[in-house]
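Below: one structure, written as structure tokens.
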Amino acid sequence: MGREWLDWFKFEDQEHCEWATKYLGQRGHIVGPANGWRSLQSRLSGLVAEWPARDQATQMPQDPAHAPYLMLELRMRSAYYQWKKRRDDKQFSTYNLRMRKDLRPLLRHLAKNQNMTISEALEDLVRRENSMSRDFRAEMDRRLAEASQKASQEAEHKEELQKQRLEQHQRVITQLTNRAANVEVQLEGLTITDQAAQEEREAFEGLVEERASVIRDEYQDELSRIPKARRRSSASLPRTPPPPPDNSTD
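The sequence shown runs 30 to 279 under the numbering used here.
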């Protein structure tokens, strides 16, 4: 099977077909209007299919019927690869790097082991470093979030225990003040028997509660006079890095 016209061209790529349509149109080979990308591809292929047979043109390159197409394809192919190079070069930048000489054989060895050029090996190193740095930051964020959540849960648990202790202390204090009030009332000669009327019983309990309230107020007043312990300030780490080591020799 013989060669076809533009067998080096990527007809399946939309951007390439748009370039070819523009290039051929500027040289008098107009591709008809197309409705969509696939229609443009079909019309471009149809235009090329109308050219003389490629094998005959190769056999008779001086024939006026074939020579213009051979020259058109030759120039188009050169322009196409130049366009592709300019298009691909837009994705790259040129860097002037200054490195120590002893790194050169290491870089060559790395590129050889990975079956890459030196430029590709450097690019791979940058990408891997960026990926590792991103993964490291994500892992640190995850651990910090876990530590923060754990600290928050521990603080809530500690606060709940403290609340329970205070409630228990308050119950004990209430019981003790009630007992003390009962004792004080009885020491004053006021007692109540099981056979006492309901009215006498309620009056006695009211007197005990009033005396207990006075005792609790006195207790709170004594507590307020006790000096509160000062909180120790939390240690802070220095934000500036430590000074470099002194490498000077005596």
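Glycine included, each C-beta is placed from N, C-alpha and C at the ideal position.
Between the region 81 to 97 and the region 45 to 64 there are fewer than three C-beta pairs closer than 8 Å, too few to call the two in contact. Under the three-state reduction of DSSP output, Asn159 falls in the helix class.
When secondary structure is reduced to three states using DSSP, Asp92 falls in the coil class, being assigned neither helix nor strand. Taking Phe40 as the centre and dropping the five residues before and after it, the same chain places the C-beta of Cys46, Gln70, Leu73 and Ser74 closer than 8 Å to its C-beta, in chain order.
Here Ser148 carries a helix assignment [DSSP, helix/strand/coil]. Proximity of the region 237 to 251 to the region 201 to 211 meets the contact definition, three or more beta-carbon pairs being nearer than 8 Å.
At a Cβ-Cβ threshold of 8 Å, Arg230 and Thr206 do not count as neighbours.
Gln199 and Lys192 have their C-alpha atoms some 11 Å from each other. Taking a contact as a CB-CB distance under 8 Å, the pair Arg32 and Arg106 does not count as one, their CB atoms being some 13 Å apart. Assignment of Arg56 by DSSP, reduced to helix, strand and coil, places it in the coil class.
Per DSSP, reduced to three states, the secondary structure at Leu139 is helical. Arg72: member of the alpha helix (DSSP H) spanning Trp66 to Ala78, first to last residue. Counting C-beta atoms within 10 angstroms of its own C-beta, Phe121 has fewer than 16 neighbours from the protein chains shown and is therefore classed as exposed.
One alpha carbon belongs to Val60, the other to His138, and they sit about 51 Å apart. At the C-beta level, Met145 and Asp153 come within 8 Å of one another. Rounded to whole angstroms, the separation of the alpha carbons of Trp112 and Lys141 is 31 Å. Under the three-state reduction of DSSP, Asp131 is assigned to coil, being neither helix nor strand. Looking only at Asn64, Leu190 and Ile147, the smallest Cα-Cα distance to Leu135 is reached by Ile147. Inclusion of Val237 and Val214 in the CB contact set at 8 Å is warranted, their separation being smaller than that value.
The continuous alpha helix (DSSP H) containing Asp246 extends over residues Gln227 to Ser253.
Thr87 has its alpha-carbon roughly 13 Å from the corresponding atom of Leu35. With fewer than 16 neighbouring CB atoms inside 10 Å of its own CB, Tyr124 falls in the exposed class. The C-beta distance from Tyr109 to Phe38 rounds to 7 Å, short enough to fall under 8 Å. Of the candidates Leu101, Ser181, Leu252 and Arg115, Leu101 places its Cα closest to the Cα of Pro81.
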